[in-house]
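A short write-up of the structure that comes next.
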Amino acid sequence: MTYVISDLHGYRIEKLKELLEKTNFSEDDRLYILGDVIDRNGDGGIGVLQWLIKQPNAELIMGNHEAMLLACDFIFENVTDAFLEDFDEKKNRLLINYLFNGGGVTLRNLAKLDINARYDIVNYLHK
0 MTYVISDLHG
10 YRIEKLKELL
20 EKTNFSEDDR
30 LYILGDVIDR
40 NGDGGIGVLQ
50 WLIKQPNAEL
60 IMGNHEAMLL
70 ACDFIFENVT
80 DAFLEDFDEK
90 KNRLLINYLF
100 NGGGVTLRNL
110 AKLDINARYD
120 IVNYLHK
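Take the sequence shown: its letter number 39 is residue 38 in numbering that gives the first Met the number 0, and every next letter is one higher.
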């Protein structure tokens, strides 16, 4: 039997397993998830992704949320609780707006300065 589901958006793996159990899903069956496993709820879909990696009879067809995450794969090495606390949603919007308006060149050059020189500039601009 072939099963298809979509837009789980953080649905907990335990709930997905319960649902599959109710359908008598077995290794002879095939499951297709039509994208958007991640984001919005629960554990953000991490449990489902980890389960999918191990399932030979289940396949994720990438959705726009997975595509957006992959577009940011450069950040995977740096994702920590401390990093996320430093860059909350409001700060992210401000930074994106700044970068969109040409701020990247300034940030790259600020990065070449020691921290005291950076704060000298910030303090000067705050006057």
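Idealized CB from N, CA, C, for every residue including glycine.
These numbers were taken from a predicted model, which means no experiment stands behind them.
Which parts of the stretch 45 to 120 are runs of the beta strand (DSSP E), unbroken and 3 residues or longer, counting only runs that do not cross its ends? 57 to 59
Could you tell me which residues DSSP puts in a beta bridge with T1? R29
How would you write the range of the alpha helix (DSSP H) that I12 sits in, first residue to last? 12 to 21
Of the listed residues L93, K14, L7, F24, nearest to Q54 (C-alpha basis): F24
Whose C-beta lies closer than 8 Å to the C-beta of D35 among residues of the same chain, with five residues either side of it excluded? S5, D6, L7, H8, G62, N63, H64, E65
Short Cβ contact (8 Å threshold) for I60 with L33: yes
Which listed residue (N115, T105, E58) has its alpha carbon closest to that of E26: E58
Rank Y10, I114, G44, Y2 by C-alpha distance to the C-alpha of L68 and give the top, closest one. G44
Please classify V47 as buried or exposed, where buried requires at least 16 other C-beta atoms within 10 Å of its C-beta. buried
Residue burial classification, Y10 (beta-carbon count within 10 angstroms, cutoff 16): buried
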